[in-house]
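0 is the number of the first residue of the sequence shown in numbering that gives the first Met the number 0; add one for each residue after it.
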Amino acid sequence: MAHDGFGMHRNNSELFRSQRFLFTSESVSEGHPDKMCDMISDAILDAHLAQDPNAKVACETVAKTDMLMLCGEITSNANVDYYQIVRDTVQQIGFDDISKGLLLEIYRTNNAIVLSIVLF
């Protein structure tokens with residue numbers, strides 16, 4: 000029995016034999032907030048693994064109007080400066096001053112990382 004790319008037996012289904020389907024996918028371009036978030040999460044993972052090859056890192060970065068959140072669960076012996084990683088990654092992307100459309104302010108409140116982003 001043949002499987003499609005998703006491991007399903009669609010050729011045996013009346014639904015799939017009798018209809019045409021259009022496969023679509025999403026792709027975001029350079030500068031999209033999703034790309035920035037992925038780069039920040041990757042940089043955090045890299046920083047942990049550089050110091051602790053056994054680190055377990057489930058890190059997601061989420062962007063919303065005026066806010067950037069680091070979420071997830073990390074088990075690591077690494078000493079990672081999240082503020083600096085975010086700042087360096089954002090600057091590496093090219094958002095290195097307010098004239099480029101992003102102002103990044105990072106501060107600490109009650110042991111939580113708060114990142115304030117203003118997009119122009």
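A virtual CB, placed ideally from N, CA and C, is assigned to each residue, including glycine.
What does DSSP give as the partner residue(s) for residue i in the beta ladder?
i, result
"Val61", "Met68"
"Val56", "Ile73"
Please classify residue i as buried or exposed, where buried requires at least 16 neighbouring CB atoms within 10 angstroms.
i, result
"Ala42", "buried"
"His49", "With the sequence shown as reference, residue 49 is identified as Ala, and His is not the correct amino acid for it. The residue is exposed, with fewer than 16 neighbouring Cβ atoms inside 10 Å."
"Arg19", "exposed"
"Met120", "The structure shown has nothing for residue 120, since the chain only spans 0 to 119."
"Phe94", "buried"
"Thr88", "buried"
"Val117", "Residue confidence for Val117 is low, a pLDDT of 45 falling below 50, so the modelled location carries little weight; the figure read from the coordinates is stated next. Looking at its Cβ environment, which holds fewer than 16 other Cβ atoms inside 10 Å, Val117 is exposed."
"Phe119", "Confidence at Phe119 is low in this model, with a pLDDT of 38, below 50, so the placement of that residue should be treated as unreliable; the coordinate-derived value is given next. The residue in question, Phe119, is exposed, as its Cβ has fewer than 16 Cβ neighbours within 10 Å."
Relative to the alpha-carbon of residue i, which residue among the options has its alpha-carbon at the smallest distance?
i, options, result
"Ile59", "Ser28, Leu67, Gly71", "At residue 59 the sequence reads Glu, which differs from the Ile that was named. Of the listed residues, the one whose Cα sits closest to Glu59 is Gly71."
"Asp80", "Met35, Ile39, Gly93, Phe22", "Ile39"
"Tyr82", "Ser75, Met68, Ile73, Lys34", "Met68"
"Ala46", "Gln90, Phe94, Glu29, Ile84", "Ile84"
"Ile73", "Pro32, Asp33, Asp51", "Asp51"
"Leu44", "Phe22, Asn78, Gln90", "Asn78"
"Met66", "Gln91, Ile92, Pro32", "Pro32"
"Gln91", "Glu29, Val61, Thr64", "Glu29"
So residue i and residue j are supposed to be a Cβ contact under 8 Å. How far apart are they, rounded?
i, j, result
"Ser75", "Ala54", "4 Å"
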